[in-house]
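Protein chains in written order, with our numbering: chain P, 4 to 233; chain Z, 4 to 233. Idealized CB from N, CA, C, for every residue including glycine.
This is the structure:
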């Protein structure tokens with residue numbers, strides 16, 4: 004799924020509530036309508052939208068009622084800072100054949116030795132271990148992001164110290180984010196190539212930047228420290 | 004910020020484009036309007052909304068132009084699966100005094116020994132190391148989520164095997180997610196307390212669940228495996 008599409012979907016409070024309900028268990032239209040206090044017509048139009056996006060699907064029971072459920076496993080991450088805006092969406096395919104294999108093997112053994120009921124309790128405690136590890140990783144990620152932003156701040160201070168003019172400032176900032184071409188720099192800074200080029204050459208002479216040629220294009224990047232130390 | 008508020012904001016394509024522009028560098032209204040091909044009136048109303056939410060702020064230059072920039076560091080995570088819907092928002096406070104300290108100390112040394120220009124290149128290569136670590140952690144997180152979903156699937160299969168009726172199925176599923184009270188179970192399953200209670204007692208007698216008392220309330224939970232193994 005396109006991350007923009009998912010953000011559009013999540014931008015509506017009632018759609019978020021529907022997803023939350025369905026993540027708890029499959030529901031039919033009048034059930035959702037009752038829980039949310041929203042008319043069935045509006046619920047149906049939200050459900051259609053969610054279904055078209057592939058986020059939900061339905062099955063029909065004996066009474067011909069449509070039960071809707073979440074059809075997908077995905078994880079969306081949006082990070083906003085003064086220096087960056089990134090949106091990533093991971094679609095997590097369910098390939099139980101591969102990952103579940105060891106447990107299935109273990110299970111066959113388990114049913115032989117102990118009751119299958121205790122196998123369930125074993126699985127549930129493993130599930131909670133995984134939850135703990137997920138929390139730990141989320142913490143690591145948070146610390147890393149703080150460190151990243153702090154480092155970015157130091158870089159910005161440092162750029163202001165070494166740049167001779169505002170154009171150099173902007174060029175160093177762009178190159179700090181990633182290596183790039185003259186054309187891209189002209190587009191993002193909205194400056195004439197001659198101005199950008201003159202500044203790039205000056206920065207290169209002072210040992211800050213260098214270029215490499217890929218696919219017949221010059222890519223400018225910051226120098227590696229090791230090579231530049233006198 | 005309330006995560007729902009941020010999702011409302013990000014649910015609009017033009018607002019996402021504005022955030023993307025400002026994350027690249029501060030801009031003024033006519034600049035944003037020109038880049039997006041959207042009238043200044045609409046841009047101003049989006050900017051007001053973003054400002055009220057605390058996501059952006061502005062400074063005024065000599066020509067009295069308002070320059071808008073991102074005011075915040077945040078990370079939003081939305082995870083959707085057939086078993087769960089979670090939204091978390093981390094506001095990352097910038098406390099450069101604390102984390103930047105070691106680098107500032109190092110910098111004073113650095114300026115003495117080597118030129119401050121090389122200090123910048125050093126910072127930038129550390130920044131890229133941090134980026135690599137961020138990618139590694141994102142990968143770990145992805146693997147963990149796959150494992151979690153697989154484990155959840157195995158748990159669901161196992162629940163279907165051991166449950167005597169659909170109510171037990173639902174109860175075990177609820178308790179798999181977290182420990183909970185009779186009242187909460189009645190609310191989420193929409194069943195009469197007497198039915199829920201009878202099933203809880205039966206499950207407890209079969210060694211699947213147990214309760215503890217906290218704040219004068221009975222909390223039901225799945226048994227730990229160790230204690231239950233015969």
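Identity of the residue in the options nearest residue i by Cα
i, options, result
"residue 17(P)", "210(P), 8(P), 43(P) and 5(P)", "43(P)"
"residue 227(Z)", "120(P), 34(P), 202(P) and 182(P)", "120(P)"
"residue 215(Z)", "192(Z), 202(Z), 195(Z) and 182(Z)", "182(Z)"
"residue 134(Z)", "141(P), 150(P) and 65(P)", "150(P)"
"residue 130(P)", "178(Z), 137(Z), 13(Z) and 167(Z)", "178(Z)"
"residue 57(Z)", "155(P), 83(P), 153(P) and 225(P)", "83(P)"
"residue 153(P)", "157(Z), 95(Z), 34(Z) and 190(Z)", "95(Z)"
Beta carbon proximity, residue i to chain P, threshold 7 Å
i, result
"residue 169(Z)", "no"
"residue 11(Z)", "yes"
"residue 85(Z)", "yes"
"residue 125(Z)", "yes"
"residue 41(Z)", "no"
"residue 99(Z)", "Residue placement at residue 99(Z) is poorly supported in this model, since its pLDDT is 47, which falls under 50; the coordinates are not used for a value here."
"residue 26(Z)", "yes"
"residue 145(Z)", "yes"
"residue 225(Z)", "yes"
"residue 228(Z)", "yes"
"residue 199(Z)", "no"
"residue 14(Z)", "yes"
"residue 77(Z)", "yes"
"residue 128(Z)", "yes"
"residue 203(Z)", "no"
"residue 120(Z)", "yes"
"residue 213(Z)", "no"
"residue 66(Z)", "no"
"residue 46(Z)", "no"
"residue 21(Z)", "no"
Residue-chain proximity (residue i, chain Z), Cβ-Cβ < 7 Å
i, result
"residue 55(P)", "no"
"residue 80(P)", "yes"
"residue 137(P)", "yes"
"residue 61(P)", "no"
"residue 142(P)", "no"
"residue 172(P)", "no"
"residue 159(P)", "no"
"residue 4(P)", "no"
"residue 194(P)", "no"
"residue 88(P)", "yes"
"residue 32(P)", "no"
"residue 102(P)", "Low per-residue confidence applies at residue 102(P): pLDDT is 49, beneath 50, and the placement is therefore not dependable enough to give any value."
Presumed contact (8 Å Cβ cut-off) between residue i and residue j, rounded CB distance
i, j, result
"residue 53(Z)", "residue 59(Z)", "5 Å"
"residue 145(P)", "residue 93(Z)", "6 Å"
"residue 63(Z)", "residue 6(Z)", "Actually they do not touch by this definition, with Cβ atoms about 31 Å apart."
"residue 206(Z)", "residue 199(Z)", "Contact doesn't hold; Cβ gap of about 11 Å is too wide."
"residue 221(P)", "residue 188(P)", "Rounded, the Cβ-Cβ distance is 11 Å, inconsistent with contact."
Alpha carbon of residue i to alpha carbon of residue j, nearest angstrom
i, j, result
"residue 219(P)", "residue 175(P)", "23 Å"
"residue 38(P)", "residue 162(Z)", "26 Å"
"residue 15(P)", "residue 30(Z)", "28 Å"
"residue 210(Z)", "residue 173(Z)", "17 Å"
"residue 85(P)", "residue 11(P)", "23 Å"
"residue 4(P)", "residue 50(P)", "17 Å"
"residue 159(P)", "residue 8(Z)", "30 Å"
"residue 202(P)", "residue 66(Z)", "26 Å"
"residue 213(Z)", "residue 170(Z)", "17 Å"
"residue 126(Z)", "residue 139(Z)", "20 Å"
"residue 147(P)", "residue 137(Z)", "7 Å"
"residue 132(P)", "residue 69(P)", "35 Å"
"residue 165(P)", "residue 194(P)", "21 Å"
"residue 217(P)", "residue 45(Z)", "41 Å"
"residue 32(P)", "residue 88(P)", "37 Å"
"residue 141(Z)", "residue 123(P)", "30 Å"
"residue 78(P)", "residue 168(P)", "42 Å"
"residue 80(P)", "residue 19(P)", "16 Å"
"residue 13(P)", "residue 223(P)", "39 Å"
"residue 155(P)", "residue 180(Z)", "39 Å"
"residue 55(Z)", "residue 208(P)", "46 Å"
"residue 36(Z)", "residue 34(P)", "44 Å"
"residue 225(P)", "residue 190(Z)", "59 Å"
"residue 21(Z)", "residue 196(P)", "26 Å"
"residue 157(P)", "residue 41(Z)", "35 Å"
"residue 128(P)", "residue 204(Z)", "21 Å"
Touching by the beta-carbon criterion (3+ pairs, under 8 Å), the segment 19 to 30 of chain Z and the segment 63 to 77 of chain Z: yes
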